[in-house]
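K.L.:
Dropping the structure in here first, questions after.
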Amino acid sequence: MDHYDVTKEQLDLAAAALGLDLVGVVSARRLDELEPVLRRYYDEQRDSGFEHPFSELRLDPRALMPAVQTAIAIALPYHTASESLRHPTGRRHGAVSVYAQRTDYHRVLKDVLSRFSALLETCAARPAQFLPCVDTSPLVDRAYATAAGLGAIGKSGMLITKTYGTYVFLGVLLTDLRVEGADALHGALPWGTEVCGTCDLCLTACPTGALIAPYTLDAKRCLSYITQEHGIVPPEFRASLGRRVWGCDTCQTVCPRNEDRAAPSTFGPPVTPLAYPDLLEILTLSNRALMKRIGHTAAAWRGPAIWRRNAIVALGNARSVEAIPVLVTYLAHARPELRAMSAWALAQIDPEATRTVVRQAYDVETDEGARCEMAWAREAPDAKG
1 MDHYDVTKEQ LDLAAAALGL DLVGVVSARR LDELEPVLRR YYDEQRDSGF EHPFSELRLD
61 PRALMPAVQT AIAIALPYHT ASESLRHPTG RRHGAVSVYA QRTDYHRVLK DVLSRFSALL
121 ETCAARPAQF LPCVDTSPLV DRAYATAAGL GAIGKSGMLI TKTYGTYVFL GVLLTDLRVE
181 GADALHGALP WGTEVCGTCD LCLTACPTGA LIAPYTLDAK RCLSYITQEH GIVPPEFRAS
241 LGRRVWGCDT CQTVCPRNED RAAPSTFGPP VTPLAYPDLL EILTLSNRAL MKRIGHTAAA
301 WRGPAIWRRN AIVALGNARS VEAIPVLVTY LAHARPELRA MSAWALAQID PEATRTVVRQ
361 AYDVETDEGA RCEMAWAREA PDAKG
């Protein structure tokens with residue numbers, strides 16, 4: 001059909017050449033039906049602070065790219081193997097969310113979208129404009145993936161695909177090319193076709209109650225957010241963190257739509273998976289060595305201090321006696337949140353054996369937050385720490 005720059009057959013062939021089996025197109029329209037959902041999210045202050053602020057950029061791709069005609073949504077599977085969800089028995093090991101165990105998905109998606117752009121431009125036989133969008137873009141990728149027919153939003157707020165469940169990375173390619181099929185009606189918003197039925201496992205399993213209702217997330221309570229937020233971990237979330245050092249997979253691991261969805265990813269260079277890092281190693285490696293270990297993943301963007309803080313909390317939750325000597329050295333660390341969390345962890349592991357050294361740290365501490373976490377050491381030995 002000559003009024004299209006790219007036919008559906010050409011799109012499918014280009015996708016197949018890249019190994020993409022989840023691709024959909026939708027006209028680059030403003031998602032009016034998304035606006036009340038986003039407004040409520042921000043008005044109720046359930047946003048994490050990592051998202052872009054509410055604006056037209058979140059609703060209308062034309063605000064990002066005035067000449068845009070089509071939004072092409074892709075989904076890449078990333079659940080590498082069921083074994084990646086099994087935790088070792090040793091107390092020295094933490095857990096990293098499956099999505100962050102291998103090559104940073106931002107790099108992978110941008111590379112795939114760039115190669116996709118080149119193939120589509122060849123199909124169109126004319127110069128074209130492209131804007132690749134991943135989750136660092138203001139565009140709500142789940143909404144466009146739903147509108148393009150890749151899946152439907154579940155009660156967890158995540159996109160559920162038929163083939164891979166929720167274990168997918170999402171990307172959107174905006175282009176001024178006219179692609180066949182973009183005007184077809186696909187998924188409904190918000191939030192897509194009901195796929196969960198009466199199941200509410202994700203809501204009931206969430207360790208912190210971050211899923212306060214179906215399709216309703218309080219991101220500030222989500223452990224994935226909490227493992228990425230700087231500063232002292234709020235007391236109400238520490239036990240729930242368990243041995244997580246980055247992210248949380250609970251709502252995905254309990255989802256029936258993810259059963260038997262293990263699929264090796266064919267995207268990105270092969271790397272050593274970072275699934276269950278040694279917690280004491282995280283605390284003893286230099287910043288450079290630690291970043292060398294994690295720098296290829298999406299878990300590196302907040303820097304080494306976040307990893308050290310989370311490892312300290314994990315060791316406290318694990319009651320790891322062997323960590324005491326290292327934690328004691330962290331009472332004099334340059335970062336107050338690490339001093340604070342070390343004092344808390346020592347109280348969880350063996351308050352009586354460490355009371356004196358924590359009290360000494362308290363006496364010279366200048367940060368109020370850290371002093372509060374060390375104050376237990378000033379209590380009488382027979383008092384609770």
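Residue numbers (full-length UniProt numbering): 1 to 385.
Don't be surprised by glycine CBs; every beta carbon is placed ideally from N, CA and C.
Note that the structure is a prediction, hence the values are computed from the model and not measured.
Where in the stretch 278 to 330 do unbroken runs of the beta strand (DSSP E), each at least 3 residues long, occur, reported from the N-terminal end onward?
P.N.:
List check, beta strand (DSSP E) in window: nothing returned.
K.L.:
From Pro277 to Pro132, what distance separates their C-alpha atoms?
P.N.:
If you take the alpha carbons of Pro277 and Pro132, they lie about 32 Å apart.
K.L.:
Cβ atoms of Leu280 and residue 388: under 7 Å apart, would you say?
P.N.:
Because the chain spans 1 through 385 in this model, residue 388 falls outside it and cannot be assessed.
K.L.:
How should Thr284 be labelled, buried or exposed, when 16 other C-beta atoms within 10 angstroms of its C-beta is the threshold for buried?
P.N.:
So Thr284 ends up on the exposed side.
K.L.:
How many whole angstroms separate the CB atoms of Tyr42 and Tyr78, which I take to be in contact at a CB cut-off of 8 Å?
P.N.:
Not a contact, Cβ separation roughly 28 Å.
K.L.:
Which same chain residues end up closer than 6 Å to Val357 when comparing Cβ atoms and leaving out the 5 residues on each side of it in sequence?
P.N.:
Hits under 6 Å: Val328.
K.L.:
Mind reading off the beta-carbon distance from Ala17 to Leu150? Whole number of angstroms is fine, and I expect it under 8 Å.
P.N.:
The pair is not a contact, with the Cβ atoms about 19 Å apart (cut-off 8 Å).
K.L.:
Applying the 10 Å Cβ sphere with the 16-neighbour rule, what's the burial state of Phe130?
P.N.:
Looking at its Cβ environment, which holds 16 or more other Cβ atoms inside 10 Å, Phe130 is buried.
K.L.:
Would DSSP call Phe54 helix, strand or coil?
P.N.:
Here Phe54 sits in coil by DSSP.
K.L.:
Give me the Cα-Cα distance between Pro66 and Arg335, rounded to the nearest whole angstrom.
P.N.:
Their backbone Cα atoms lie some 45 Å apart in a straight line.
K.L.:
Output the boundary residues of the beta strand (DSSP E) element that contains Trp246.
P.N.:
From DSSP, the beta strand (DSSP E) with Trp246 extends over 244 to 246.
K.L.:
Taking only the alpha-carbon atoms, compute the straight-line gap between Ala14 and Trp246 and give it to the nearest angstrom.
P.N.:
Approximately 35 Å between the Cα atoms of the pair.
K.L.:
Going by the beta-carbon positions, is the gap between Ile282 and Trp307 smaller than 7 Å?
P.N.:
Their beta carbons are under 7 Å apart, which means Ile282 touches Trp307 by this criterion.
K.L.:
What are the residues that DSSP puts in a beta bridge with Ser240?
P.N.:
BP columns for Ser240 are empty, so no partner.
K.L.:
Would you mind reading off the limits of the beta strand (DSSP E) that contains Gly171?
P.N.:
Its beta strand (DSSP E) spans residues 168 to 175.
K.L.:
Could you give the residue range of the alpha helix (DSSP H) that holds Ser27?
P.N.:
First-last for Ser27: 23 to 27, but that is the beta strand (DSSP E), not the alpha helix (DSSP H).
K.L.:
Excluding the 5 residues flanking Gly192 on each side, which residues of the same chain have their C-beta closer than 6 Å to its C-beta?
P.N.:
Interpretation of Gly192 is limited by its pLDDT of 46, a score under 50 that renders its predicted location unreliable; no figure is taken from the coordinates.
K.L.:
Helix or strand or just coil, what does DSSP make of Leu211?
P.N.:
Strand.
K.L.:
Go through its chain and collect everything with a Cβ distance to Ser240's Cβ below 7 Å, but skip five positions before and after it.
P.N.:
The residues are Pro207, Thr208, Leu223.
K.L.:
Hey, how far is the Cα of Ala361 from the Cα of Thr198?
P.N.:
If you take the alpha carbons of Ala361 and Thr198, they lie about 53 Å apart.
K.L.:
Given this structure, state the Cα-to-Cα distance separating Ala370 from Ala377, to the nearest angstrom.
P.N.:
Cα to Cα, the separation comes out at about 12 Å.
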